[in-house]
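Report on one structure; see the data block that follows.
Chains as they are written, first to last, in our numbering: chain A, 1 to 225; chain B, 1 to 262.
This is the structure:
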């Protein structure tokens with residue numbers, strides 16, 4: 001398609017992004033106007049500059065471009081659209097999702113290990129929401145399924161790609177503290193009778209609840225055996 | 001979670017698992033995650049375990065497992081360090097422990113931070129709205145249905161059906177597709193001579209009634225076969241509409257209609 005001479009390409013791109021209810025990949029924009037991908041990126045940059053003091057913005061979402069209202073004016077938009085309650089993910093769902101996002105591909109047992117507790121129910125909710133999907137099987141005994149995040153995950157969080165996730169690392173101050181406590185641990189006297197006594201209490205103290213728990217687990221093992 | 005203990009009502013915060021509990025205990029006491037700090041909160045961890053009450057045995061045992069690891073860690077800290085030279089004698093090695101609670105808890109803390117980061121971005125992302133229009137695809141075929149076709153569909157549904165016969169009769173189908181092609185061809189020719197160019201599928205089924213499933217299938221296959229050979233043209237008015245067929249002008253002279261199946 002060719003444009004009339006007096007229309008700059010970014011106008012066509014602006015119109016395409018405005019009209020599309022879903023993000024548009026750069027390749028599609030390029031194909032529509034016979035532009036190179038590089039040119040498309042330039043035009044989008046120009047469009048971005050033109051929109052910088054407006055209520056709309058162009059964002060890269062899941063590797064594609066989308067024209068969206070700015071979050072600062074959300075209350076106004078929500079009033080017009082009569083948005084009542086937005087469905088947000090629960091704390092557990094976010095927790096499991098972040099583990100999948102950072103450790104993908106990940107199996108169920110690995111997920112459980114990272115949380116210290118079973119995550120099956122939350123995982124199936126995330127699968128239903130299409131935020132997580134199966135991404136093959138691990139070469140492990142039983143060939144368990146592996147899970148990863150979907151495109152919808154990127155869209156939902158407004159991420160351009162997985163590389164947008166912040167690095168999962170300690171900041172420097174945390175490292176210093178770690179060294180400090182390491183030294184401290186060297187200074188720890190090897191045996192302290194009070195501590196020993198407390199440990200003994202921890203293990204064998206008058207703990208009815210613990211006893212009950214152990215009995216319950218033993219019973220469960222018997223049933224399974 | 002709320003529990004009645006010795007008449008006092010105790011408000012317990014809800015934790016997402018043993019690591020969550022342990023992390024919050026360590027953070028509450030404003031310590032870093034080290035072996036020392038973990039062993040320091042072992043007592044509090046146990047207190048929480050006492051208050052945990054009846055939960056699913058799977059969940060309870062996850063809490064218990066971490067408690068056992070805490071005790072193991074604490075007892076190791078309390079033992080005298082082996083002399084470096086004796087370490088081989090006693091079988092002690094400085095090995096990286098895969099079940100290392102400290103490492104797991106640190107990672108869990110990072111992942112929880114990541115979850116917070118995601119929550120923040122979810123909020124921002126949900127506050128940005130796309131343009132809702134665009135040519136949306138019709139969600140259901142019903143949107144394109146006229147009142148009349150809905151009415152006739154309702155009538156078809158309400159028509160009493162033959163009761164389900166038992167036992168099911170597994171007869172061999174005596175009619176082959178080539179035979180049926182011949183029959184259909186004759187019906188179409190007759191209809192054309194009577195001045196009707198298009199013939200409805202239901203008319204083809206007239207003599208046997210459309211409860212004859214095998215015949216419906218064979219007739220449908222016959223029509224497809226004829227269409228494939230450019231003998232007829234098939235029409236359908238929309239989704240699930242009735243199929244109509246018409247002999248193609250260039251095929252009118254064609255006779256006999258019998259096709260060889262290959």
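Note that CB positions come from ideal geometry on N, CA and C, so glycine has one too.
Residues in the segment 14-42 of chain B with C-beta within 7 Å of chain A's C-beta atoms, listed in sequence order? 16, 17, 18, 19, 32, 34, 35, 36 and 42
Should residue 52 of chain A be labelled buried (16 or more other beta-carbon atoms within 10 Å of its own) or exposed? Here residue 52 of chain A refers to the residue found at position 52 when the first chain is read from its first residue. Classification of residue 52 of chain A: exposed, given that the 10 Å Cβ count is below 16.
Per DSSP, the bridge partner or partners of residue 86 of chain A: Taking the first residue of the first chain as position 1, residue 86 of chain A is located at position 86. Paired residue(s): none; residue 86 of chain A is not in a bridge.
Have a look at residue 69 of chain B and residue 118 of chain A and give me their C-alpha separation to the nearest angstrom. To locate residue 69 of chain B, count along the second chain from 1; it is residue 69. To locate residue 118 of chain A, count along the first chain from 1; it is residue 118. Their backbone Cα atoms lie some 18 Å apart in a straight line.
Is there a Cβ of chain A sitting closer than 8 Å to that of residue 47 of chain B, yes or no? Mapped onto the second chain, residue 47 of chain B falls at position 47. No - not a single Cβ of chain A is within 8 Å of the one on residue 47 of chain B.
Partner residues on chain B for residue 146 of chain A, Cβ-Cβ distance less than 7 Å: What you label residue 146 of chain A is simply residue 146 of the first chain in a count that begins at 1. Simply none; closest approach about 18 Å.
Apply the 10 Å Cβ neighbour rule to residue 140 of chain A and answer buried if 16 or more other Cβ atoms are within range, or exposed otherwise. In the first chain, the residue the question calls residue 140 of chain A occupies position 140. Classification for residue 140 of chain A: exposed.
Could you tell me whether the Cβ of residue 110 of chain B comes closer than 8 Å to any Cβ of chain A? Along the second chain, read from residue 1 onward, the residue named residue 110 of chain B stands at position 110. Cβ-Cβ to chain A under 8 Å: yes for residue 110 of chain B.
If you draw a straight line from the alpha carbon of residue 212 of chain B to that of residue 250 of chain B, how long is it in whole angstroms? Taking the first residue of the second chain as 1, we reach residue 212 of chain B at position 212. Taking the first residue of the second chain as 1, we reach residue 250 of chain B at position 250. When rounded, the distance between both Cα atoms is 32 Å.
Own chain residues within Cβ distance below 8 Å of residue 36 of chain B, not counting five before or after: In the second chain, the residue the question calls residue 36 of chain B occupies position 36. Only 77 meet the Cβ criterion.
Classify residue 105 of chain A as helix, strand or coil using the three-state DSSP reduction. In the first chain, the residue the question calls residue 105 of chain A occupies position 105. Here residue 105 of chain A sits in coil by DSSP.
Can the beta-carbon of residue 206 of chain B be found less than 8 Å from the beta-carbon of residue 230 of chain B? Indexing the second chain from 1 puts residue 206 of chain B at position 206. Indexing the second chain from 1 puts residue 230 of chain B at position 230. Not closer than 8 Å, so no.
Contact criterion: CB-CB distance below 8 Å. Does residue 128 of chain B meet it with respect to chain A? The count along the second chain starts at 1 and reaches residue 128 of chain B at position 128. It does; some Cβ of chain A falls within 8 Å.
Residues near residue 6 of chain A by beta carbon distance below 6 Å, same chain, minus five either side: Along the first chain, read from residue 1 onward, the residue named residue 6 of chain A stands at position 6. Excluding residues within five positions, none has a Cβ falling inside 6 Å.
Let me make sure I understand the geometry here. Which of A:14, A:113, A:104 and A:147 has the alpha-carbon closest to that of residue 124 of chain A? Residue numbering aside, residue 124 of chain A sits at position 124 when the first chain is read from its first letter. Nearest option by C-alpha distance: A:147.
For residue 11 of chain A and chain B, any beta-carbon pair shorter than 8 Å? The count along the first chain starts at 1 and reaches residue 11 of chain A at position 11. False, the Cβ-Cβ gap to chain B never drops below 8 Å.
Inspect the beta-carbon positions of residue 15 of chain A and residue 3 of chain A and report whether they are closer than 8 Å. Numbered from its first residue, the first chain carries residue 15 of chain A at position 15. Numbered from its first residue, the first chain carries residue 3 of chain A at position 3. 8 Å or more divides the Cβ of residue 15 of chain A from the Cβ of residue 3 of chain A.
Between the segment 121-131 of chain B and the segment 58-77 of chain A, can you find at least three pairs of beta-carbon atoms closer than 8 Å? yes
Please compile the residues from chain A whose C-beta is within a distance smaller than 9 Å of the C-beta of residue 59 of chain B. Within the second chain, residue 59 of chain B is the residue found at index 59, counting from 1. Those within 9 Å of residue 59 of chain B in chain A are 117 and 118.
Sort A:219, A:8 and A:115 by Cα distance to residue 94 of chain A and report the nearest one. To locate residue 94 of chain A, count along the first chain from 1; it is residue 94. Residue 94 of chain A has its Cα closest to that of A:115, out of A:219, A:8 and A:115.
What residue from A:107, A:143 and A:112 has the CA that sits closest to residue 133 of chain A's CA? As a working mapping, residue 133 of chain A is identified with position 133 in the first chain. When only C-alpha atoms are compared, the closest one is A:107.
Roughly how many angstroms separate the alpha carbons of residue 38 of chain B and residue 67 of chain B, rounded to a whole number? Mapped onto the second chain, residue 38 of chain B falls at position 38. Mapped onto the second chain, residue 67 of chain B falls at position 67. One C-alpha to the other measures close to 11 Å.
With a 10 Å radius around its C-beta and 16 neighbouring C-beta atoms as the bar for buried, classify residue 245 of chain B as buried or exposed. One-based indexing of the second chain puts residue 245 of chain B at position 245. Buried is the label assigned to residue 245 of chain B, since at least 16 other Cβ atoms lie within 10 Å of its Cβ.
Nearest-angstrom Cβ-Cβ length linking residue 131 of chain A and residue 149 of chain A, presumed shorter than 8 Å: As a position in the first chain, residue 131 of chain A is number 131, starting the count at 1. As a position in the first chain, residue 149 of chain A is number 149, starting the count at 1. About 7 Å separates the two Cβ atoms, so the contact holds.
Which of helix, strand or coil does DSSP assign to residue 56 of chain A? On the first chain, residue 56 of chain A is found 56 positions in, with the first residue counted as 1. The three-state reading of DSSP puts residue 56 of chain A in strand, counting E and B together.
Contact list for residue 69 of chain A against chain B, beta-carbon separation under 9 Å: In the first chain, residue 69 of chain A corresponds to position 69, counting from 1. Simply 127, 128, 129, 130 and 131.
Rounded straight-line distance, which links the Cα of residue 81 of chain A to that of residue 62 of chain A: Position 62 of the first chain holds residue 62 of chain A. Position 81 of the first chain holds residue 81 of chain A. Using only the alpha carbons, I get a separation of about 25 Å.
C-beta contact flag for residue 242 of chain B and residue 200 of chain B at 8 Å: Residue numbering aside, residue 242 of chain B sits at position 242 when the second chain is read from its first letter. Residue numbering aside, residue 200 of chain B sits at position 200 when the second chain is read from its first letter. In contact: residue 242 of chain B and residue 200 of chain B (Cβ atoms closer than 8 Å).
For residue 143 of chain A, I'd like the list of residues in its chain whose CB is within less than 8 Å of its CB, leaving aside the five on either flank, ordered along the chain. Within the first chain, numbered from 1, the residue matching residue 143 of chain A stands at position 143. Only 137 meet the Cβ criterion.
In the DSSP assignment, find the unbroken beta strand (DSSP E) run with residue 33 of chain B in it and report its ends. Sequence index remark: in the second chain, residue 33 of chain B carries index 33 (1-based). Here residue 33 of chain B belongs to no beta strand (DSSP E), and DSSP marks it neither H nor E.
Give me the Cα-Cα distance between residue 31 of chain A and residue 50 of chain A, rounded to the nearest whole angstrom. Start at 1 with the first residue of the first chain, and residue 31 of chain A comes out as number 31. Start at 1 with the first residue of the first chain, and residue 50 of chain A comes out as number 50. Each residue's alpha carbon lies about 23 Å from the other.
Does residue 99 of chain A come within less than 8 Å of chain D when only Cβ atoms are used? Judged by its chain identifiers, the structure shown contains no chain D, and its protein chains are A and B.
How should residue 17 of chain B be labelled, buried or exposed, when 16 other C-beta atoms within 10 angstroms of its C-beta is the threshold for buried? Counted from its first residue, the second chain places residue 17 of chain B at position 17. So residue 17 of chain B counts as buried.
For residue 37 of chain A, is the classification buried or exposed, using 16 other Cβ atoms within 10 angstroms of its Cβ as the cut-off for buried? Start at 1 with the first residue of the first chain, and residue 37 of chain A comes out as number 37. When all chains shown are included, residue 37 of chain A counts as exposed.
Starting from the beta carbon of residue 115 of chain B, find every residue of chain A whose beta carbon is closer than 8 Å, and list them in chain order. Along the second chain, read from residue 1 onward, the residue named residue 115 of chain B stands at position 115. Per Cβ cutoff of 8 Å: 91, 94, 95, 97 and 98.
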